[in-house]
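Colleague: The sequence shown begins at 3 in this note's numbering and counts up one residue at a time.
Heads up, the beta-carbon is just placed ideally off N, CA and C, and yes, glycines get one too.
Note that this is a predicted model, so its numbers are computed, not measured.
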Amino acid sequence: MANTILIGAQWGDEGKGKIIDVLTANSDIVVRSQGGNNAGHTVIHRGTKYVLHLIPSGILRRGKTCVIGNGVVIDPIALVVEIEGLQKMGIAVGKNLLISDCAHLVLPYHRMLDEHREILKGHAKIGTTKRGIGPAYGDKAARTGLRMCDLMQPELFSKKLQAKIRENNSILEAFGAKPISFRKVNDSYLEAGEKLRPYVANTVVWLHRALQRGKRILFEGAQGTFLDIDHGTYPYVTSSNTTAGGACTGSGVPPHRMDVVLGVVKAYTTRVGEGALPTEDAGLSAMLHGMGREFGATTGRARRCGWFDAVAARYAGMINGIDELAITNLDGLDSVKTIRVCVAYKLDGKRLDVPPSDAARLERCEPVYEEMRGWNRPTHHTKEFTQLPAAAKDYVRVLSAMTGAKLTVVSVGPARGQTIIL
Ligand code: IMP
Ligand code: MG
Numbered sequence: 003m004a005n006t007i008l009i010g011a012q013w014g015d016e017g018k019g020k021i022i023d024v025l026t027a028n029s030d031i032v033v034r035s036q037g038g039n040n041a042g043h044t045v046i047h048r049g050t051k052y053v054l055h056l057i058p059s060g061i062l063r064r065g066k067t068c069v070i071g072n073g074v075v076i077d078p079i080a081l082v083v084e085i086e087g088l089q090k091m092g093i094a095v096g097k098n099l100l101i102s103d104c105a106h107l108v109l110p111y112h113r114m115l116d117e118h119r120e121i122l123k124g125h126a127k128i129g130t131t132k133r134g135i136g137p138a139y140g141d142k143a144a145r146t147g148l149r150m151c152d153l154m155q156p157e158l159f160s161k162k163l164q165a166k167i168r169e170n171n172s173i174l175e176a177f178g179a180k181p182i183s184f185r186k187v188n189d190s191y192l193e194a195g196e197k198l199r200p201y202v203a204n205t206v207v208w209l210h211r212a213l214q215r216g217k218r219i220l221f222e223g224a225q226g227t228f229l230d231i232d233h234g235t236y237p238y239v240t241s242s243n244t245t246a247g248g249a250c251t252g253s254g255v256p257p258h259r260m261d262v263v264l265g266v267v268k269a270y271t272t273r274v275g276e277g278a279l280p281t282e283d284a285g286l287s288a289m290l291h292g293m294g295r296e297f298g299a300t301t302g303r304a305r306r307c308g309w310f311d312a313v314a315a316r317y318a319g320m321i322n323g324i325d326e327l328a329i330t331n332l333d334g335l336d337s338v339k340t341i342r343v344c345v346a347y348k349l350d351g352k353r354l355d356v357p358p359s360d361a362a363r364l365e366r367c368e369p370v371y372e373e374m375r376g377w378n379r380p381t382h383h384t385k386e387f388t389q390l391p392a393a394a395k396d397y398v399r400v401l402s403a404m405t406g407a408k409l410t411v412v413s414v415g416p417a418r419g420q421t422i423i424l
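1) To the nearest angstrom, report how far apart G124 and I135 are at their CA atoms.
2) When we look at the beta-carbon of E1 and count the other beta-carbons within 10 Å, is it buried (16 or more) or exposed?
3) Determine the contact status of R306 and S287, defining contact as a CB-CB distance below 8 Å.
4) Using a Cβ cut-off of 8 Å (strictly closer), state whether V74 contacts chain C.
5) Helix, strand or coil: which one does DSSP assign to T244?
6) Closer than 7 Å to a non-hydrogen atom of the ligand MG - does that hold for the CB of G265?
7) Using only the alpha-carbon positions, how far apart do V206 and V82 sit?
8) Tell me whether A41 counts as near the ligand MG, meaning its Cβ is closer than 7 Å to at least one heavy atom of that ligand.
9) Measure how close the beta-carbons of I173 and L115 come, nearest whole angstrom, since I'm counting them as under 8 Å.
10) Rounded to whole angstroms, what's the CA-CA distance from G298 to L153? Just pull it up for me.
11) Buried or exposed for M260, going by 16 or more other Cβ atoms inside 10 Å?
12) Do V370 and K348 have their C-beta atoms within less than 8 Å of each other?
13) For M91, count neighbouring Cβ atoms within 10 angstroms of its own Cβ and tell me buried if that reaches 16, exposed if not.
14) Buried or exposed, going by whether 16 or more other CB atoms sit within 10 Å of the CB of S59?
15) Mapping the DSSP letters down to three states, classify D261 as helix, strand or coil.
16) Does the distance between the C-beta of T131 and the nearest non-hydrogen atom of the ligand IMP fall short of 7 Å?
17) Cβ of A361 versus every heavy atom of the ligand MG: is any distance shorter than 7 Å?
18) Quick check: what's the CA-CA separation for D396 versus D311?
19) List the residues that DSSP assigns as beta-bridge partners of V75.
20) Assuming T244 and D230 form a contact by the criterion Cβ under 8 Å, report the distance between their Cβ atoms to the nearest whole angstrom.
21) When the Cα of K97 is compared with those of V202, A138 and R375, which residue comes out closest?
22) Short check: CB of G226 to CB of A11, under 8 Å?
23) Can you name the start and end residues of the beta strand (DSSP E) that M374 belongs to?
24) Grab the span of the alpha helix (DSSP H) containing R215 for me, first residue to last.
25) I believe F387 touches L327 by the beta-carbon criterion, under 8 Å. Please report the beta-carbon distance rounded to the nearest angstrom.
26) On the three-state DSSP scale, how would you describe A304?
27) Please tell me whether, using a cut-off of 7 Å, the distance from the CB of T227 to the nearest non-hydrogen atom of the ligand GDP is below it.
28) Kindly indicate the opening and closing residues of the alpha helix (DSSP H) around L405.
29) Just the C-alpha distance for K66 and P256, rounded to the nearest angstrom, thanks.
30) Considering only the alpha carbon of each residue, which of K408, G73 and C68 lies closest to V95?
31) What number of angstroms, rounded off, separates the C-alpha of Y236 from the C-alpha of L192?
Below, the structure written as structure tokens:
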């Protein structure tokens with residue numbers, strides 16, 4: 003497989019983890035380039051369920067190297083927990099993991115600020131994962147962040163940390179929150195830093211050398227297009243570039259080395275957290291939750307569910323340059339009699355073919371639906387595209403036509419084997 007950027011084309015949780023796991027078989031290297039441990043990728047590997055937050059899903063396959071790129075924000079303590087958790091489950095983590103020395107660190111004051119800012123916002127809250135992601139990227143943009151290369155130099159780290167804690171304690175005080183102890187944070191972070199030291203490297207140079215040797219790279223996106231800090235439903239977004247461009251800036255691999263963009267969509271739509279979801283449908287949510295589906299991998303929150311939104315998917319196709327489309331969770335619709343697809347929005351009596359840029363207007367958009375008949379039989383055993391019920395084949399073909407991308411993968415369940423490659 004050529005160098006591939008895999009991105010979520012909706013609001014995250016499109017089932018990327020599983021598709022990445024399947025595609026990793028044909029790659030040498032898997033790279034994460036943005037986000038942090040707000041992400042939760044669920045992968046079933048040899049009958050065991052793994053939830054990965056920071057480490058690329060490629061770690062579950064032997065002989066693959068996983069890279070956490072410069073664009074990721076890393077909570078070192080959470081990363082150590084994740085590495086040790088995998089090792090306890092018998093997964094080898096050693097020379098197969100590299101961490102960028104330029105990646106920014108998430109610190110306890112980021113998590114506390116995330117939480118307190120949400121409380122202050124009240125009803126207007128974003129519904130973040132409270133992992134400190136926004137404040138960590140905020141420090142990065144303000145040029146006041148601490149990076150992995152700082153953590154690798156204990157004396158320098160402690161000096162910078164002391165100043166940061168002093169500054170942030172005065173902000174936390176204004177929120178009425180408890181101040182943070184420098185000593186505690188310093189000790190625990192330096193301890194985690196020593197555990198991470200063997201993995202830390204200049205990953206930009208490492209990736210370029212690998213490219214020169216003809217290695218094939220899979221860039222694994224976290225979250226989804228409409229959570230992108232620039233192109234998403236701002237301010238109800240995450241703080242990184244979740245779209246295809248983020249794979250370049252977040253890894254140091256230039257655009258001309260990228261060959262394919264693969265977009266992943268669910269056969270319907272879900273979102274966790276606040277913000278507009280034009281096709282949200284209470285009946286569909288109740289049905290999917292009743293099946294035990296659509297609970298968040300990171301926070302356990304019930305996801306909001308809705309019909310497939312072709313307006314959003316088309317827009318995602320444009321921003322990301324989606325060449326190929328993977329449709330997941332098709333089996334979630336197995337028992338739906340009439341399936342709806344949103345083909346346009348209606349706002350103030352006008353028909354819109356692209357989502358409006360501001361959250362307030364998007365919130366007022368009414369979906370314009372087309373209806374398709376369901377297939378009303380289980381699809382989770384399907385191995386070949388030709389074996390899918392005719393109505394299911396029609397449905398996925400319509401989705402790919404509306405998105406403007408070539409359909410290459412259909413997923414009908416969480417296991418590797420439940421993947422139809424076209
Ligand atoms: P944050 O990334 O924790 O700041 O959260 C910002 C928004 O992005 C919230 O609506 C979260 O629910 C959402 N979000 C963050 N990470 C993920 C993810 O991995 N999947 C789905 N939604 C996410
Ligand atoms: Mg997820």
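Modeller: A quick look at the data gives this:
1) On the sequence shown, residue 124 is found 122 positions in, with the first residue counted as 1. On the sequence shown, residue 135 is found 133 positions in, with the first residue counted as 1. Going by the C-alpha atoms only, they are around 19 Å apart.
2) Outside the shown range of the chain, which is 3 to 424, sits residue 1, and nothing can be said about it.
3) Working through the sequence shown from its first residue, we reach residue 306 at position 304. Working through the sequence shown from its first residue, we reach residue 287 at position 285. Yes, the pair counts as a contact, with Cβ atoms nearer than the cut-off.
4) Protein chains in the displayed structure number just one, and chain C is not present.
5) For this step, residue 244 is matched to residue 242 along the sequence shown. T244 falls in the coil class under three-state DSSP.
6) For the purposes of this step, residue 265 is taken as the residue at position 263 of the sequence shown. No, Cβ of G265 sits at least 7 Å from all heavy atoms of the ligand MG.
7) On the sequence shown, residue 206 is found 204 positions in, with the first residue counted as 1. On the sequence shown, residue 82 is found 80 positions in, with the first residue counted as 1. Roughly 22 Å between the two C-alpha positions.
8) Stepping through the sequence shown from its first residue, residue 41 is reached at position 39. Indeed, a heavy atom of the ligand MG lies less than 7 Å from the Cβ.
9) Residue mapping note: residue 173 aligns to position 171 of the sequence shown, counting from 1. Residue mapping note: residue 115 aligns to position 113 of the sequence shown, counting from 1. Indeed they touch by this definition, with Cβ atoms about 7 Å apart.
10) In the sequence shown, residue 298 corresponds to position 296, counting from 1. In the sequence shown, residue 153 corresponds to position 151, counting from 1. Approximately 31 Å, taken between the alpha carbons.
11) Here residue 260 refers to the residue found at position 258 when the sequence shown is read from its first residue. Counting Cβ neighbours within 10 Å, M260 comes out buried, since at least 16 surround it.
12) By one-based count along the sequence shown, residue 370 stands at place 368. By one-based count along the sequence shown, residue 348 stands at place 346. In this structure, K348 lies closer than 8 Å to V370 by Cβ.
13) Locating residue 91 in the sequence shown gives position 89, counting from the first residue. So M91 counts as exposed.
14) Your numbering for residue 59 matches position 57 in the sequence shown. Its Cβ being crowded by 16 or more others within 10 Å, S59 is buried.
15) Mapped onto the sequence shown, residue 261 falls at position 259. Residue state, collapsed to three classes: coil.
16) As a position in the sequence shown, residue 131 is number 129, starting the count at 1. At least one heavy atom of the ligand IMP is nearer than 7 Å to the Cβ of T131, so yes.
17) Within the sequence shown, numbered from 1, the residue matching residue 361 stands at position 359. A361: no, Cβ never under 7 Å from the ligand MG.
18) Within the sequence shown, residue 396 is the residue found at index 394, counting from 1. Within the sequence shown, residue 311 is the residue found at index 309, counting from 1. Taking the straight line from one Cα to the other gives about 16 Å.
19) Position 73 of the sequence shown, counting from 1, holds the residue named residue 75. DSSP lists H106 as partners of V75.
20) Taking the sequence shown and counting its residues from 1, the one referred to as residue 244 is at position 242. Taking the sequence shown and counting its residues from 1, the one referred to as residue 230 is at position 228. Indeed they touch by this definition, with Cβ atoms about 4 Å apart.
21) Counting from one through the sequence shown, the residue named residue 97 turns up at place 95. When each option's Cα is compared against that of K97, the closest is V202.
22) Working through the sequence shown from its first residue, we reach residue 226 at position 224. Working through the sequence shown from its first residue, we reach residue 11 at position 9. Yes, the Cβ-Cβ distance between G226 and A11 is below 8 Å.
23) Sequence index remark: in the sequence shown, residue 374 carries index 372 (1-based). It spans E368 to R375 - the beta strand (DSSP E) in which M374 sits, taken as one unbroken run.
24) Counted from its first residue, the sequence shown places residue 215 at position 213. That residue, R215, is in no alpha helix (DSSP H); it is neither H nor E in DSSP.
25) As a first step, residue 387 is located in the sequence shown; it is residue number 385 there, counting from the start. As a first step, residue 327 is located in the sequence shown; it is residue number 325 there, counting from the start. At roughly 13 Å, the Cβ-Cβ gap does not stay under 8 Å, so F387 and L327 are not in contact.
26) One-based indexing of the sequence shown puts residue 304 at position 302. Correct three-state label for A304: strand.
27) As far as ligands go, the structure on display features the ligand IMP and the ligand MG and does not contain the ligand GDP.
28) For the purposes of this step, residue 405 is taken as the residue at position 403 of the sequence shown. Strictly speaking, residue 405 in this sequence is Thr, with Leu absent from that position. Segment A392 to T405, the alpha helix (DSSP H) holding T405.
29) For the purposes of this step, residue 66 is identified with residue 64 of the sequence shown, where counting begins at 1. For the purposes of this step, residue 256 is identified with residue 254 of the sequence shown, where counting begins at 1. When rounded, the distance between both Cα atoms is 22 Å.
30) On the sequence shown, position 93 is the one that residue 95 refers to. The shortest C-alpha separation from V95 is found at C68.
31) Against the sequence shown, residue 236 aligns to sequence position 234. Against the sequence shown, residue 192 aligns to sequence position 190. Those two C-alpha atoms are separated by around 35 Å.
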